[in-house]
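In what follows, a structure is listed as structure tokens, so that the remarks can point back to it.
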Amino acid sequence: MHVSYADNIAEVDALLTEVQRKQLPFITSVALNKAAFEGRADLRAEMERVFDRPRPYTLNSTYVDKATKARLEAAVFFKDMGRGVPAGKYLRAQVWGGERRNKRFEGALRARGILGSGEFAVPARDYPRDANGDIRSSVVTKILSQLGAFTEVGYVANATARSRKRNAKRSTFFASRAPHMAPGIYERTGPRSINAVFIFVEGATYRPRLEMERVLQESADRTFGPAFEAAFEDAFGFSGAGGLPF
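When the count follows the numbering used here, it moves up by one through the sequence shown with no breaks and lands on 291 for the last residue.
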């Protein structure tokens, strides 16, 4: 999302002295950056509101591409570098809607033939979750190990042949497509007791939940004017921007 007020520059320029006019690009860049960082904070607050217990990685998934005197435009982008899945990829469906992307866990199951090409694994409603509302990573690791599904980079703790043999009798997770059960992955908790962990579903489509463009635009409209006035006052030591067209 870009924040730009280039269309106003000519109108502002006509109201300034020569000295002020020379400082206008710098003042504008300071104000744009202030507005962009405020927008980033507002977007984080919106994530906390619309998502259920979002992870810190998600909340910190944006950055500001700062304006300069030569380029009077600031932008808020999703980060696309670093470890893990880039936020812009897994949040795309939350911003614009559409089909959820595959998770590495699902890719590992699919490569093993456990999960169909058009299926997704969604957490069972009653299975315990962590503080972020997800199935605990330790459980996912055990599932992949016991199902022999460690086939993708990122899941490297696969059990050795010896440990698999040693733990065979204690194996608690299994995949099932029995006609009397919903397709999915289950945990055996006793001789006659099982709990659903993941259920396999056909497709997983999201409606837009994070109105990124609206949040950032409203934030820019609210914060740019005051930020410009403050930058003007800092540059010249007095307030004189109150009548400018922002």
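In this text, a Cβ means the ideal position worked out from N, Cα and C, and glycines have one as well.
By the DSSP assignment, the beta strand (DSSP E) with ILE239 in it spans what residues?
Segment 238 to 247, the beta strand (DSSP E) holding ILE239.
Count the other CB atoms, across all protein chains shown, that sit within 10 Å of the CB of GLY235; report buried if there are 16 or more and exposed otherwise.
GLY235 is exposed by the Cβ-count criterion.
Could you tell me if MET92 is buried or exposed, where buried requires 16 or more neighbouring beta carbons within 10 angstroms of its beta carbon?
Buried is the call here.
Which residues share a DSSP beta bridge with THR107?
Note: THR107 sits in a beta bridge opposite PHE123.
Span of the alpha helix (DSSP H) holding GLU263?
257 to 281 is the span of the alpha helix (DSSP H), which, as asked, contains GLU263.
DSSP on ALA166, reduced to helix/strand/coil?
Note: ALA166 maps to strand in three-state DSSP.
Quick one: grab the DSSP three-state call for GLU197.
Residue confidence for GLU197 is low, a pLDDT of 39 falling below 50, so the modelled location carries little weight and cannot support an answer.
Nearest-angstrom Cα distance between ALA276 and GLY152?
Between ALA276 and GLY152, the C-alpha separation is close to 51 Å.
If we ignore side chains and look at the alpha-carbon of each, how far apart do THR250 and VAL184 end up?
Taking the straight line joining both Cα atoms gives about 25 Å.
Identify whether ALA80 lies in helix, strand or coil by the three-state DSSP scheme.
Three-state DSSP puts ALA80 in a helix.
When DSSP builds the beta bridges, which residues end up paired with GLY143?
Bridge partners of GLY143: TYR251.
Look at the alpha carbon of ARG149 and the alpha carbon of GLU278, and state the distance between them as a whole number of angstroms.
If I take the Cα positions, the gap works out to 52 Å.
Do you know how far the Cα of ARG222 is from the Cα of ARG233?
Going from the Cα of ARG233 to the Cα of ARG222 covers about 15 Å.
Quick check on DSSP: helix, strand or coil for PHE219?
PHE219 falls in the strand class under three-state DSSP.
Using 10 angstroms around the beta-carbon of LYS67, count the other beta-carbons present and answer buried if the total reaches 16, otherwise exposed.
Classification of LYS67: exposed, given that the 10 Å Cβ count is below 16.
Bridge partners of GLU232, per DSSP?
PHE218, ASN240.
Can you name the start and end residues of the alpha helix (DSSP H) that PHE150 belongs to?
Looking at the DSSP string, the run of the alpha helix (DSSP H) that includes PHE150 is 149 to 156.
Considering just the uninterrupted stretch of the alpha helix (DSSP H) at ILE188, what are its terminal residues?
It spans 182 to 191 - the alpha helix (DSSP H) in which ILE188 sits, taken as one unbroken run.
Can you tell me the Cα-Cα spacing of ILE188 and PHE243, whole angstroms?
For ILE188 and PHE243, the distance between alpha carbons rounds to 10 Å.
Would you be able to state if there are at least three C-beta pairs under 8 Å between the stretch 256 to 269 and the stretch 76 to 96?
Because the criterion of three Cβ pairs below 8 Å is met, the stretch 76 to 96 and the stretch 256 to 269 touch.
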